[in-house]
Each structure stands twice: as structure tokens, then as C-alpha cells.
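*Asks:*
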Amino acid sequence: MQNHGTKNRISFHQARSLGLLGLGLFAFLLPPSAPARAQAQERTIDEIKVEAQARAERRNYPLIGLDPADVRDALAGIKTRDANEWAANWSAVADRYVAKAEAATSADDKRANYLRAWRLYYFAQWPVASSDGKKAAYQKALDAFVKSTQALTPAVEVVHIPFEGKEIVGYLRLPTGVSPAPLVLAVSGLDSRKETMADSYNALLEHGVGYFAVDGPGTGQAPVKVSPTAERMLSKVVDYLGTRKEIDPKRIVMHGVSFGGYWGAKMAIVEHDRLRGVVVQSPPVHNGLQAEFLKTNLLGNREYLFDVVPAFLNVVENVGSTEDLAREFPKLSLQNQGLLGKPTAPMLIIGGTKDTQVPIADLELLLNSGDVPKDAWINPKGGHLGRESVGWTDPVIFRKVIMPWEIRMLKGE
Numbered sequence: 000m001q002n003h004g005t006k007n008r009i010s011f012h013q014a015r016s017l018g019l020l021g022l023g024l025f026a027f028l029l030p031p032s033a034p035a036r037a038q039a040q041e042r043t044i045d046e047i048k049v050e051a052q053a054r055a056e057r058r059n060y061p062l063i064g065l066d067p068a069d070v071r072d073a074l075a076g077i078k079t080r081d082a083n084e085w086a087a088n089w090s091a092v093a094d095r096y097v098a099k100a101e102a103a104t105s106a107d108d109k110r111a112n113y114l115r116a117w118r119l120y121y122f123a124q125w126p127v128a129s130s131d132g133k134k135a136a137y138q139k140a141l142d143a144f145v146k147s148t149q150a151l152t153p154a155v156e157v158v159h160i161p162f163e164g165k166e167i168v169g170y171l172r173l174p175t176g177v178s179p180a181p182l183v184l185a186v187s188g189l190d191s192r193k194e195t196m197a198d199s200y201n202a203l204l205e206h207g208v209g210y211f212a213v214d215g216p217g218t219g220q221a222p223v224k225v226s227p228t229a230e231r232m233l234s235k236v237v238d239y240l241g242t243r244k245e246i247d248p249k250r251i252v253m254h255g256v257s258f259g260g261y262w263g264a265k266m267a268i269v270e271h272d273r274l275r276g277v278v279v280q281s282p283p284v285h286n287g288l289q290a291e292f293l294k295t296n297l298l299g300n301r302e303y304l305f306d307v308v309p310a311f312l313n314v315v316e317n318v319g320s321t322e323d324l325a326r327e328f329p330k331l332s333l334q335n336q337g338l339l340g341k342p343t344a345p346m347l348i349i350g351g352t353k354d355t356q357v358p359i360a361d362l363e364l365l366l367n368s369g370d371v372p373k374d375a376w377i378n379p380k381g382g383h384l385g386r387e388s389v390g391w392t393d394p395v396i397f398r399k400v401i402m403p404w405e406i407r408m409l410k411g412e
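Going by numbering that gives the first Met the number 0, 266 is the number at position 267 of the sequence shown; the sequence numbering is gapless.
This is how it looks when you write it as C-alpha cells:
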């Protein structure tokens with residue numbers, strides 16, 4: 000494909016040669032970059048409440064797994080956009096499930112209630128733990144999640160990797176009876192967390208594949224903020240995984256979600272010889288990291304529930320304002336860093352043509368770079384991560400597109 004601003008389509012025969020038809024990957028369309036639009040306004044608190052409830056009813060991100068009745072209870076007490084008020088109301092509902100978990104007599108009931116509490120505490124700190132109340136909710140989320148895993152077999156190991164005077168914290172879970180095991184290195188995005196990745200990747204265990212879930216730079220418990228060199232944290236994780244005899248170092252696939260997809264795209268290049276493959280979902284690689292895109296598409300973005308730019312201000316190094324972010328974002332560009340065009344690991348690139356958070360042109364840049372053929376799943380009706388409100392939702396894309404590709408790459412099928 001040539002990047003001339005015209006529509007490009009992979010033909011049926013090309014799709015068949017790439018092995019995409021079995022995964023439904025032939026609906027591939029890259030339109031020209033969307034024209035600049037007027038800056039949107041952030042939702043008011045009343046608009047946030049209406050939209051959050053609607054997403055909970057549809058089981059859409061970022062409220063996947065939350066009971067709509069719990070959401071209604073939490074939202075009822077929220078009257079302003081104050082971060083601590085937000086955290087307090089969600090945490091109050093979560094506290095009820097912690098109490099139920101502590102009183103439960105069966106392991107299944109304990110796990111179910113701790114999971115319910117974790118999801119609520121997680122949303123109490125959403126999109127990032129930017130206030131005292133949200134930080135407290137995040138700590139409770141970590142505690143509830145770990146307690147929810149305590150009775151699992153095989154066990155979830157909380158791993159602490161020394162790193163530059165701090166530590167990288169991750170969750171390692173390996174299948175029973177498979178050694179050395181293939182593994183997925185799962186990296187969260189701007190507002191997802193390693194806990195959400197681990198919760199999803201439990202489904203891989205039955206296929207004989209393990210996972211290591213970790214927060215992306217700047218998020219969660221990550222020891223470094225987002226910077227042009229922060230991928231060194233993830234390279235350290237790969238180093239560590241190579242020291243574990245239970246893990247096959249030649250069968251590691253990485254999956255990066257949203258901004259985690261940026262790290263996936265970069266790791267596919269800088270660690271191409273140590274990764275069997277990389278899945279990247281809606282990765283910003285150049286155009287989505289420019290000051291103009293920040294101004295016209297990210298400020299007030301309504302595909303994102305609220306506060307995407309404030310969230311970035313919280314995770315990027317050396318920024319305190321939108322102007323700072325506009326200065327630092329272009330430094331992250333893989334094109335500006337001279338990486339596009341270098342050898343890459345095999346990749347599956349996932350996105351949606353209606354994505355307002357990452358321009359489809361970035362996916363085309365990635366598809367046209369490197370030295371190996373790439374697979375792609377682009378939803379012409381999809382938004383960020385290729386998702387739709389109904390149909391191709393996040394769990395469906397994970398189950399029908401991501402997992403089969405990873406298993407094929409790891410097991411040679």
C-alpha cells in the first residue's frame with residue numbers, strides 16, 4: 000500500500016495469503032486522515048453519569064464487568080467532577096463487597112466478592128490515581144485483586160523485579176504441566192491496569208499458555224513515567240522472564256493495549272529478536288503524537304469517557320500543562336526516533352477506522368514499515384481498539400481475534 004491519502008484495501012487473495020480469513024481479518028480499509036475538527040468539550044458530571052450508566056448497561060469499556068445496579072448506586076451520590084468525591088462514592092459501594100468477601104465461608108464466594116470490589120475500586124481511581132481519594136481507592140483495588148487470586152490453581156505469583164532503585168511489579172501465572180511454557184507479556188494502556196490484563200488472560204491457561212501482566216510506563220505501579228526511553232522497563236521484564244526456567248524464552252508474545260500498543264510497537268522493533276510476535280491495539284506511533292492531534296482530537300475527546308488529556312498529564316515525564324504535553328508528545332514518535340523501517344517481530348495490528356483517539360494513519364505507517372509481513376484486523380465500523388458498542392466488543396475481539404493469533408504464534412499452529 001502507498002500512503003497517498005487515497006483509500007487502500009487488502010484484496011481477498013492478499014488476505015488469504017496472509018492467513019487472515021480464518022480470523023475474519025479481511026474487512027480491511029484505511030481511509031484518508033480525518034480533517035481537523037473543532038475542539039470538543041469535556042462532559043459535564045451529569046453527562047458523565049448518563050454515559051457511564053449506559054456503558055455499564057451495554058457492558059462497554061471502561062465499565063466491563065461492573066453490575067449496572069452497583070453503578071447506579073455509586074453515581075447517585077456524585078454531584079460534581081471532584082476527583083475525591085468520585086472516588087469516595089465508588090469506594091463506598093466496593094467496601095460492601097469487601098465486607099461480604101471477609102464474611103464468606105467458601106473460596107468461590109470470597110473470590111466473587113473480592114473481584115466485584117476490585118472492579119469498583121478500579122473505577123473509583125479511573126482514569127488515573129490523580130488525587131488523594133483516587134490513590135487510596137487504587138491501593139484498595141490492588142489489595143482486593145490480590146485477595147481474589149489467592150485460591151486460584153495454578154497460583155498467581157506477584158513478582159517484584161528490581162529496577163533502577165525501584166521495582167517492577169507484575170503478575171505471573173503459568174499453566175499446570177507445561178514447562179517451559181509459552182507466555183504472553185500483557186501491557187496495560189493509559190487507564191487500564193495490569194489487573195485488567197491478568198483478569199482477561201486467565202483464559203489462556205487452558206490452552207497451555209501463561210502470562211505476565213504489567214502496568215505500562217507511567218501507569219499503576221510502574222517505576223518510570225512515559226518518556227522516549229521508558230521501554231527499557233519492559234526490556235528488563237523480558238530479561239527477567241528469560242531467567243525463569245519454567246518459561247520458554249523463545250516463545251514470548253507481547254500484547255499492548257491502546258497506549259500500551261505504543262510500547263508494543265516499539266518493543267517489536269527494539270526487541271524483535273526476543274519476541275515471537277507482538278499484538279498492538281490502536282497504537283499511536285507518529286501522527287497521534289503530534290501537537291495538532293492533541294489539540295483537535297484528544298482535548299475533550301468523547302469516545303473516551305472523560306479526562307484523557309489530564310490522564311496523560313499524570314503519566315508523562317516532565318509535563319504540567321497541555322502546552323508541555325504538546326512539546327513532549329512528538330519526542331515519543333517512532334518516526335522521529337528513526338525506528339520505523341527497521342526490522343520488526345511479526346505483528347498483529349488491530350484498530351478501527353472510526354477511532355478518534357489514534358489516527359488510522361498511524362496503523363498504516365506501522366503496516367508499511369519493517370521487514371516482515373504483518374497481519375491486520377481493522378474494523379471499518381470500529382472505534383478505539385477496533386471496538387463497537389454491540390457486536391465487536393472488547394471481550395469478543397480478545398476471544399476471537401487476539402487469543403487465536405497469540406496461540407498460533409506461540410504454538411506454531
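Glycine residues also receive a C-beta, built at the ideal position from the N, C-alpha and C atoms.
All of these numbers come straight from a predicted model, not from anything done at the bench.
Please give the ranges of any beta strand (DSSP E) in the stretch 91-163, keeping only runs that are unbroken, at least 3 residues long and fully inside the region.
*Replies:* If we require 3 residues or more, the beta strand (DSSP E) runs fully inside the stretch 91-163 come out as 156-162.
*Asks:* Can you give, in chain order, each stretch of the alpha helix (DSSP H) that sits fully within the stretch 328-376 and has at least 4 residues?
*Replies:* 359-366, all fully within the stretch 328-376.
*Asks:* In terms of residue numbering, what span does the beta strand (DSSP E) encompassing Q280 cover?
*Replies:* Run containing Q280: G276 to Q280, per the beta strand (DSSP E) assignment.
*Asks:* Taking C-beta to C-beta, are G219 and K193 nearer than 8 Å?
*Replies:* Yes, they are a contact pair.
*Asks:* Residues in its own chain within less than 8 Å of G319 by CB, not counting five upstream and five downstream?
*Replies:* Closer than 8 Å at Cβ, skipping near neighbours: L312.
*Asks:* Assuming L293 contacts F258 (C-beta within less than 8 Å), just tell me the rounded distance between them.
*Replies:* At roughly 13 Å, the Cβ-Cβ gap does not stay under 8 Å, so L293 and F258 are not in contact.
*Asks:* The alpha helix (DSSP H) that contains R71, what's its start and end?
*Replies:* Where R71 is concerned, the enclosing alpha helix (DSSP H) stretches over P67 to A75.
*Asks:* Below 8 Å CB to CB, which residues in the same chain sit around L240 once its five sequence neighbours on both sides are set aside?
*Replies:* Correct list, in chain order: L182, L184, F211, I246, P248 and I251.
*Asks:* Could you pull out every residue in the same chain whose Cβ sits closer than 6 Å to the Cβ of G64, ignoring the five residues on either side in sequence?
*Replies:* Result list for G64: R118, in chain order.
*Asks:* Measuring alpha carbon to alpha carbon, tell me which residue in N286, Q356 and L339 is nearest L298.
*Replies:* L298 has its Cα closest to that of Q356, out of N286, Q356 and L339.
*Asks:* Roughly how many angstroms lie between the CA atoms of R36 and Y113, to the nearest whole one?
*Replies:* Because R36 carries a pLDDT of 49, less than 50, the predicted location of this residue cannot be relied on, and the following value inherits that uncertainty. Looking at the two C-alpha atoms, the distance is approximately 43 Å.
*Asks:* Should the stretch 278-296 be called in touch with the stretch 260-268, which here means at least 3 C-beta pairs below 8 Å?
*Replies:* With the cut-off at 8 Å, the stretch 278-296 and the stretch 260-268 touch.
*Asks:* Based on the DSSP secondary-structure assignment, which residues constitute the bridge partners of H206?
*Replies:* In the DSSP output, where bridge partners are listed per residue, H206 has none listed.
*Asks:* If you count every other CB in all the chains shown that lies within 10 Å of the CB of D393, and 16 or more means buried, which is it?
*Replies:* The residue is buried, with at least 16 neighbouring Cβ atoms inside 10 Å.
*Asks:* Report buried or exposed for S178, applying the criterion of at least 16 other Cβ atoms within 10 angstroms of its Cβ.
*Replies:* Exposed, by the Cβ-count rule.
*Asks:* Who are the near neighbours of V314 in its chain, counting only those whose CB is closer than 7 Å to its CB and skipping five residues on each side?
*Replies:* Cβ neighbours of V314 beyond the five flanking positions: V127, L189, G217, T218, K224 and V225.
*Asks:* State the beta-bridge partners of H254 as determined by DSSP.
*Replies:* Partner(s): A185 and V278.
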